[in-house]
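What follows is a short report on a single structure.
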Amino acid sequence: MLERPEVFYEVSTARLDVVEKPLSAWEKLYDNGAFRKTVLLLMLAAAWELYATWLNNPLLFPTFSATMGAFFASIASGALPQAALYTISMLLKGYAAGLAIAALLTAFATGTRIGADLLETLTAMFNPLPSIALLPLALVWFGLGAGSVIFVLIHAVLWAVALNTFAGFRSVSPTWRMVGQNYGLSRAGYIARILIPGAFPSILTGLKVGWAFAWRTLIAAELVFGVSSGSGGLGWFIFERKNQLLIADVFAGLLTVILFGLAVENLIFKTIENRTVRRWGMQS
Amino acid sequence: MDTVPLLSVEGVTLRYRTKEHLVTATYRVSFKLYRSDRFVVLGPSGCGKSTLLKAVGGYIQPTEGRIQLGNAEVTSPGPDRVFVFQEFDQLLPWKTVKENIVFALTASGKLRRPQAEERAMHYIAKVNLTEFASSYPHTLSGGMKQRVAIARAMAMEPQILLMDEPFAALDALTRAKMQEELLQLWEETKFTVLFVTHSIPEAIRVGNRILLMSAHPGQVRAELNSAGADAARIHELLFGAADHA
């Protein structure tokens, strides 16, 4: 083997020019996701305006400015807020009922083997069935009105939430279970303090999927029939304005549907996610 | 030292069922633990040492024999025997370092919240993690997580600490440091610990008494004092002379 001397170096940063240097204003701005998306939205709006102006057929495709005009006019007249409020209240009722039933089913499934089999079988059967396909049947059972809509909403929410919650409970780490037992938690304490937080990433996914199903189902159901006593939701608003050939209003209605979807996803669920599973490092 | 054993394991046979087999993990294992013992169970993988520890923890019932803590038979998990696991995920990720310890103290009904917080901070300081008290576990390194788990277990001031290869998932340098710290903590509080490992040097370093187990099924091969124990001889006892070049 070759004989080599040992070598020692002085550590020095004397001639290094950058160890840490602040980014320029433009670099910081470009790193901001909200800024990039706002620019994209502005570009899309501009393209829309240009194309619609060039097409010059407001019955087929109104301009962006006409849509915004109709949007604010409908808000000012109170028609759009009233429709939106109605839709939201229906949604909350259906969502809450769906969650309650999902909680019961999951509790039964967690407690007993036959309950687990029941949940798995029911979910396998009904999860692929689009809620809106149940609407004709719901109309026969519950008549033309809120009852039918809530029935299909429950169907939209229930399976996604129950399935995800149950799967989440099952995948809770065995170590956490043993920790819970070690400190002598009661049955209820074990569910509340180990199972639910441990399964929270799955539960949250279930809540999001359930919300998305419910929102789509509700708008579709409202499009099919106006709800009793003359007050309809956003779907009905869109359908009615189409019949009156107020196409800019139709676009305004669609825009409202999009805005609500974005708000719930990006404000409500994002906030919950940031405060829970992300902070806990259970989801990156 | 006390002459009444704190924990006595008498002729314990442990069996568990897999999908295809009924496995005997340990066969008629007996040993006694006295107060302030650092009792190490040492054996190759498959000797049922972790299963044995779970039985002492109360997670598994012996098919034969008895496990007694003080005068009471062990039948279920309880806060008088606190576990430190090998896995880093034994800390609850939805709680901060301090909350993990407070949770243990309050869930077991040991202390009310203000006192629990005080005691949590005391033991966090003992493992030198005061500045990380409000950090979430996923931001800590593996060694720090294990230190929190040890602090949590010690804060419970249990009759006996059960450690299931707590340093096995750490790198060699961190492991040596953790062994050192554990011994230091023992000097301060003289807790009783039952420590499971498959590493001969770790057993000699950490323990004052070593139980050697052979594998398939786990049986007691020897019970030694670790003072003056010879690694080569332990190796020979565990694996036979032929194996040892």
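These protein sequences, in sequence, are chains C and V.
Mapping to our numbering: the first sequence position 118 is 288, numbers consecutive.
Mapping to our numbering: the second sequence position 234 is 424, numbers consecutive.
Glycine residues also receive a C-beta, built at the ideal position from the N, C-alpha and C atoms.
On a predicted model such as this, the values are computed, not experimentally measured, just so you know.
- [ ] Compare the Cα-Cα distances from V/Val261 to each of V/Glu321, V/Gly333, V/Arg337, V/Gln349 and report the closest residue.
- [x] Checking the displayed sequence, the identity of residue 261 of chain V turns out to be Asn instead of Val. Residue V/Gln349 is the option with its Cα nearest to V/Asn261.
TODO: For chain C, find out if any of its Cβ atoms is closer than 8 Å to the Cβ of V/Glu308; answer yes or no.
DONE: no
TODO: Could you give the DSSP three-state label for C/Arg206: helix, strand or coil?
DONE: helix
Open item on the list: Once DSSP output is grouped into helix, strand and coil, what is the label at V/Tyr217?
Closed with: strand
Open item on the list: Quick check on V/Gln161 - is its C-beta less than 8 Å from some C-beta in chain C?
Closed with: Past the edges of chain V, shown from 191 to 435, lies residue 161 of chain V, and the structure says nothing about it.
Task: Unbroken beta strand (DSSP E) run spanning C/Ala273, endpoints - done: Premise fails: C/Ala273 lies in the alpha helix (DSSP H), 249–281, not in any beta strand (DSSP E).
- [ ] Examine chain V for any beta-carbon lying closer than 8 Å to the beta-carbon of C/Asn227, and answer yes or no.
- [x] no
Open item on the list: I want to see whether chain V comes within less than 8 Å of C/Gly338, judged by CB atoms only; does it?
Closed with: no
TODO: Give the straight-line distance between the Cα atoms of V/Phe385 and V/Phe221, rounded to the nearest whole angstrom.
DONE: 13 Å
TODO: Determine, using beta-carbon pairs with one atom in the region 368–387 of chain C and one in the region 403–410 of chain C, whether at least three such pairs fall under 8 Å.
DONE: Cβ pair count under 8 Å is below three, so no.
Open item on the list: Please state the DSSP three-state secondary structure of V/Leu427.
Closed with: helix
Task: Cα-Cα separation, C/Val331 to C/Ala272 - done: 6 Å
Task: Backbone secondary structure at V/Gln258 - three-state DSSP - done: DSSP places V/Gln258 in strand when its eight states are reduced to three.
Task: Sequence-distant residues of the same chain with beta carbon closer than 6 Å to C/Ser399, five excluded per side - done: Confidence is the limiting factor: at C/Ser399 the pLDDT is only 44, short of 50, which leaves the residue's position unreliable, though a coordinate-based value still follows. Shown here for C/Ser399: not one same chain residue has a beta carbon closer than 6 Å to its own, the five before and five after excluded.
Open item on the list: Can you confirm whether C/Leu355, when its beta carbon is compared against all beta carbons of chain V, has any partner nearer than 8 Å?
Closed with: yes
Task: Residue range of the beta strand (DSSP E) that includes V/Gly201 - done: 197–207
Open item on the list: Could you check whether the region 322–342 of chain C touches the region 296–312 of chain C, counting it as contact only if at least three pairs of C-beta atoms, one from each stretch, sit closer than 8 Å?
Closed with: yes
Task: Strand pairing of V/Gly408, partner residues [DSSP] - done: V/Thr216
Open item on the list: Less than 6 Å between C-beta atoms, sequence neighbours within five positions excluded: which residues of the same chain meet that for C/Ile364?
Closed with: Correct list, in chain order: Trp346, Gly350.
TODO: Quick one: using the 10 Å Cβ neighbour count with 16 as the cut-off for buried, is V/Ala422 buried or exposed?
DONE: With fewer than 16 other Cβ atoms within 10 Å, it is exposed.
Open item on the list: Does the CB of V/Leu360 have a neighbour CB from chain C at under 8 Å?
Closed with: Not closer than 8 Å to any Cβ of chain C, the Cβ of V/Leu360 fails to qualify, so no.
Open item on the list: According to DSSP, V/Thr387 sits in a beta bridge with which residue or residues?
Closed with: V/Leu232
TODO: Counting only the same chain and skipping the five closest in sequence on each side, list residues whose C-beta sits under 8 Å from that of V/Ser325.
DONE: Correct list, in chain order: Thr286, Val287.
TODO: Output the distance between the C-alpha atoms of C/Asn436 and V/Lys300, rounded to the nearest integer angstrom.
DONE: 42 Å
Open item on the list: For V/Asp279 and C/Leu333, I'd like the C-alpha separation in whole angstroms.
Closed with: 25 Å
Open item on the list: Alpha carbons only, please: which of V/Arg225, V/Thr216, V/Leu196, V/Thr253 is nearest the one belonging to V/Ser235?
Closed with: V/Thr216
Open item on the list: How far does the alpha helix (DSSP H) with V/Arg271 in it extend, from its first residue to its last?
Closed with: Run containing V/Arg271: none in the alpha helix (DSSP H); it sits in the beta strand (DSSP E), 271–274.
Open item on the list: Tell me the residue span of the beta strand (DSSP E) that contains C/Leu172.
Closed with: Taken as a continuous stretch (DSSP letters only), C/Leu172 belongs to no beta strand (DSSP E), as it is neither H nor E.
Task: Chain-ordered neighbours of V/Asp279 on chain C, where CB pairs are closer than 9 Å - done: Within 9 Å Cβ-Cβ: Ser343, Thr345, Trp346.
Open item on the list: If I follow the unbroken alpha helix (DSSP H) through V/Met311, where does it start and stop?
Closed with: 303–316
Task: In DSSP terms, what V/Ile250 is bridged to - done: Residue pairing by DSSP leaves V/Ile250 without any beta bridge partner.
Open item on the list: Do V/Ser416 and V/Ile394 count as a contact pair if the criterion is CB distance below 8 Å?
Closed with: The Cβ atoms of V/Ile394 and V/Ser416 sit closer than 8 Å to each other.
Task: Local Cβ density within 10 Å of V/Arg271, reported as buried at 16 or more and exposed below that - done: buried
TODO: Quick one: using the 10 Å Cβ neighbour count with 16 as the cut-off for buried, is C/Leu179 buried or exposed?
DONE: Going by the sequence as given, residue 179 of chain C is Tyr instead of Leu. Answer is exposed; the Cβ neighbour count stays below 16.
Task: Range of the contiguous alpha helix (DSSP H) that encloses C/Leu305 - done: For C/Leu305, the enclosing alpha helix (DSSP H) begins and ends at 305–312.
Open item on the list: Helix, strand or coil, according to DSSP, for C/Leu299 in the structure here?
Closed with: coil
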